[in-house]
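Student:
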Amino acid sequence: MKLNLYLAIIALSGLTACSQAPKTQIEYVELFSDKTMQQLSDSSFFNHVACISEYEGDIYMSDQKRCQIFRLDSNLNLLRTIGMEGHGPQDFGYIENFVIHQDTIFVGDVTKMRILRFSTDGQFCGAENPDEKIPLNYRFTMDDNHIYYTRNEGIPDKSMVDYCRDSTANKLRRFGQATDFGHPHKTKRQNARHVHLYNNTLVTVPTSIPVIEIYDLKGNTLRSADIAGIPIVKDMYYKMTNDRRIAESPNMAYQIFLDSYVYRDRLYILSSVYNNERLDHSSLLEFDLSNGGAEWVRQYDFPDFVQRFCITDDYIYGFVPQSSSIKRYPLPA
4 MKLNLYLAII
14 ALSGLTACSQ
24 APKTQIEYVE
34 LFSDKTMQQL
44 SDSSFFNHVA
54 CISEYEGDIY
64 MSDQKRCQIF
74 RLDSNLNLLR
84 TIGMEGHGPQ
94 DFGYIENFVI
104 HQDTIFVGDV
114 TKMRILRFST
124 DGQFCGAENP
134 DEKIPLNYRF
144 TMDDNHIYYT
154 RNEGIPDKSM
164 VDYCRDSTAN
174 KLRRFGQATD
184 FGHPHKTKRQ
194 NARHVHLYNN
204 TLVTVPTSIP
214 VIEIYDLKGN
224 TLRSADIAGI
234 PIVKDMYYKM
244 TNDRRIAESP
254 NMAYQIFLDS
264 YVYRDRLYIL
274 SSVYNNERLD
284 HSSLLEFDLS
294 NGGAEWVRQY
304 DFPDFVQRFC
314 ITDDYIYGFV
324 PQSSSIKRYP
334 LPA
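Just so you know, we're using my numbering here: the sequence shown kicks off at 4 and counts up by one.
If you want it as structure tokens, here you go:
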């Protein structure tokens with residue numbers, strides 16, 4: 004699907020596009036790492052870190068192969084290991100993403116189709132069972148009564164799910180525009196979204212579509228921002244949509260964005276960067292959400308290929324899969 008065709012689909016769907024012409028000069032920042040963690044204190048190693056989040060100064064990360072969550076301090080010292088793989092009521096089957104809300108870690112267990120709750124000190128607090136599978140590869144979010152996540156079962160007619168935790172009726176509500184990519188597998192995979200809560204709105208980042216969507220908590224579209232014109236997004240989108248192997252195979256799908264994160268009033272989106280047809284490194288795009296839209300203001304360029312990340316006032320923490328390590332990157336003063 005070519006770029007102009009997709010943008011036409013956005014217009015026809017009734018979304019209100021926000022211009023991405025920068026109001027101020029974009030700042031470009033070259034990052035370097037000042038600390039690397041390759042080995043845990045028990046002499047074991049990370050396998051595949053699927054999600055990283057900051058909460059009250061500490062860094063939490065899930066390792067999908069080890070099936071555990073690790074709590075680290077800001078200097079990458081291990082403070083606590085949370086959960087383990089097993090068959091008991093408090094054990095994990097297969098985990099990737101989690102969200103921390105009011106001192107509770109909500110972990111999406113994909114194989115057991117439930118959400119497990121742990122305190123930030125690692126105590127098991129119970130489980131919840133939505134009526135369909137919860138997120139596999141994508142960030143989800145929540146407030147006191149609802150969990151919002153991307154729909155990843157069947158052929159989606161809607162892209163998002165609102166799971167109500169405190170009601171016996173209407174437990175699931177579906178919303179959000181889904182795009183038909185011409186094949187069931189592609190349609191399901193390429194409609195996936197990372198979902199974030201910001202100031203009583205939902206900010207979603209499609210993994211395969213160059214747009215940022217903003218909804219109210221009832222699922223009504225407030226606005227969308229077309230980000231297809233940003234150079235690294237344009238290059239990545241062109242590369243993916245013109246890959247003949249993907250286009251000709253019904254079982255192959257592509258993604259443009261690896262991860263995203265909301266911190267304070269900024270949205271950060273992580274993208275791969277190719278050089279001479281080879282994966283070279285990752286770049287992080289920063290958007291200002293404070294004015295109700297999503298204005299591109301800054302780009303961070305990593306020296307490494309970073310696959311997952313989170314951000315704090317002082318650092319970016321990223322998982323580098325080639326070395327199975329966590330790296331800390333200082334932010335400029």
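Each residue gets a CB set at the ideal place from its N, CA and C atoms; glycine is no exception.
Predicted model only: the values in this text are computed from it and were never measured.
Once the 5 residues before and after I314 are set aside, which same chain residues still bring their CB inside 7 Å of it?
Tutor: Start at 1 with the first residue of the sequence shown, and residue 314 comes out as number 311. Around I314: Y264, Y266, Y271.
Student: With a cut-off of 8 Å, do at least 3 Cβ pairs link the region 161 to 181 to the region 134 to 145?
Tutor: Contact holds: three or more Cβ-Cβ distances are below 8 Å.
Student: Cα separation between H199 and A250?
Tutor: Working through the sequence shown from its first residue, we reach residue 199 at position 196. Working through the sequence shown from its first residue, we reach residue 250 at position 247. H199 and A250: Cα-Cα distance of roughly 30 Å.
Student: Looking only at DSSP bridge pairs, what is C128 linked to?
Tutor: For the purposes of this step, residue 128 is identified with residue 125 of the sequence shown, where counting begins at 1. Answer by DSSP bridge pairing: none, since C128 is not bridged.
Student: Tell me, please, which residues DSSP counts as bridged to C70.
Tutor: The sequence position of residue 70 within the sequence shown is 67, counting from 1. Answer is none; C70 lacks a bridge partner.
Student: From the beta carbon of E156, is the nearest beta carbon of chain E less than 8 Å away?
Tutor: The chain inventory of the structure shown lacks chain E, comprising one protein chain alone.
Student: What would DSSP say about I103, mapped onto helix, strand or coil?
Tutor: In the sequence shown, the residue the question calls residue 103 occupies position 100. Strand at I103.
Student: Indicate whether A53 and S36 have their beta-carbon atoms separated by less than 8 Å.
Tutor: Indexing the sequence shown from 1 puts residue 53 at position 50. Indexing the sequence shown from 1 puts residue 36 at position 33. Contact: no.
Student: Would you mind stating whether R301 and V32 have Cβ atoms separated by less than 8 Å?
Tutor: Residue 301 sits at position 298 when you count from the first residue of the sequence shown. Residue 32 sits at position 29 when you count from the first residue of the sequence shown. Yes; because the gap between Cβ atoms is below 8 Å, this pair is in contact.
Student: Tell me the DSSP secondary structure of M145 in three-state form.
Tutor: Taking the first residue of the sequence shown as 1, we reach residue 145 at position 142. Correct three-state label for M145: strand.
Student: Is it a yes or a no for the region 183 to 203 touching the region 141 to 158, going by three-plus beta-carbon pairs under 8 Å?
Tutor: With a cut-off of 8 Å, the region 141 to 158 and the region 183 to 203 count as touching, because enough Cβ pairs lie within range.
Student: Taking the straight line between their C-alpha atoms, what separation do you get for R248 and Q258?
Tutor: On the sequence shown, residue 248 is found 245 positions in, with the first residue counted as 1. On the sequence shown, residue 258 is found 255 positions in, with the first residue counted as 1. If you take the alpha carbons of R248 and Q258, they lie about 14 Å apart.
Student: Given a cut-off of 8 Å on the beta-carbon distance, is the pair I85 and G129 in contact?
Tutor: One-based indexing of the sequence shown puts residue 85 at position 82. One-based indexing of the sequence shown puts residue 129 at position 126. Taking 8 Å as the Cβ cut-off, I85 and G129 do not qualify as a contacting pair.
Student: Identify whether V309 lies in helix, strand or coil by the three-state DSSP scheme.
Tutor: Indexing the sequence shown from 1 puts residue 309 at position 306. DSSP places V309 in coil when its eight states are reduced to three.
Student: Given this structure, state the Cα-to-Cα distance separating S274 from G232, to the nearest angstrom.
Tutor: In the sequence shown, the residue the question calls residue 274 occupies position 271. In the sequence shown, the residue the question calls residue 232 occupies position 229. Going from the Cα of S274 to the Cα of G232 covers about 14 Å.
Student: Is it true that the CB of Y218 sits closer than 8 Å to the CB of T224?
Tutor: Position 221 of the sequence shown, counted from the start, is the residue given in the question as residue 224. Position 215 of the sequence shown, counted from the start, is the residue given in the question as residue 218. A contact, by the Cβ cut-off of 8 Å.
Student: Who are S77's beta bridge partners in DSSP?
Tutor: Taking the first residue of the sequence shown as position 1, residue 77 is located at position 74. Answer is none; S77 lacks a bridge partner.
Student: Using only CA atoms, which one of R117, Q310, I230 lies nearest to A297?
Tutor: Here the question's residue 297 lines up with position 294 in the sequence shown. The residue with the shortest Cα to Cα distance from A297 is I230.
Student: Taking V236 as part of the alpha helix (DSSP H), name the residues at either end of that continuous run.
Tutor: Numbered from 1 along the sequence shown, position 233 holds the residue referred to as residue 236. Run containing V236: 234 to 244, per the alpha helix (DSSP H) assignment.
Student: Please report how far the alpha carbon of K68 lies from the alpha carbon of D94, in whole angstroms.
Tutor: The residue you call residue 68 lines up with position 65 of the sequence shown. The residue you call residue 94 lines up with position 91 of the sequence shown. Using only the alpha carbons, I get a separation of about 14 Å.
Student: Less than 8 Å between C-beta atoms, sequence neighbours within five positions excluded: which residues of the same chain meet that for D76?
Tutor: Mapped onto the sequence shown, residue 76 falls at position 73. So the qualifying residues of the chain are G60, D61, I62, L82.
Student: Please work out which residues of its chain come closer than 8 Å, Cβ to Cβ, to F308, disregarding the five sequence neighbours upstream and downstream, and give them in chain order.
Tutor: The residue labelled residue 308 in the question sits at position 305 within the sequence shown. So the qualifying residues of the chain are S275, L282, D283, H284, S285, V323, P324, Q325.
Student: Identify every residue that forms a DSSP beta bridge with E33.
Tutor: The count along the sequence shown starts at 1 and reaches residue 33 at position 30. Bridge partners of E33: D304.
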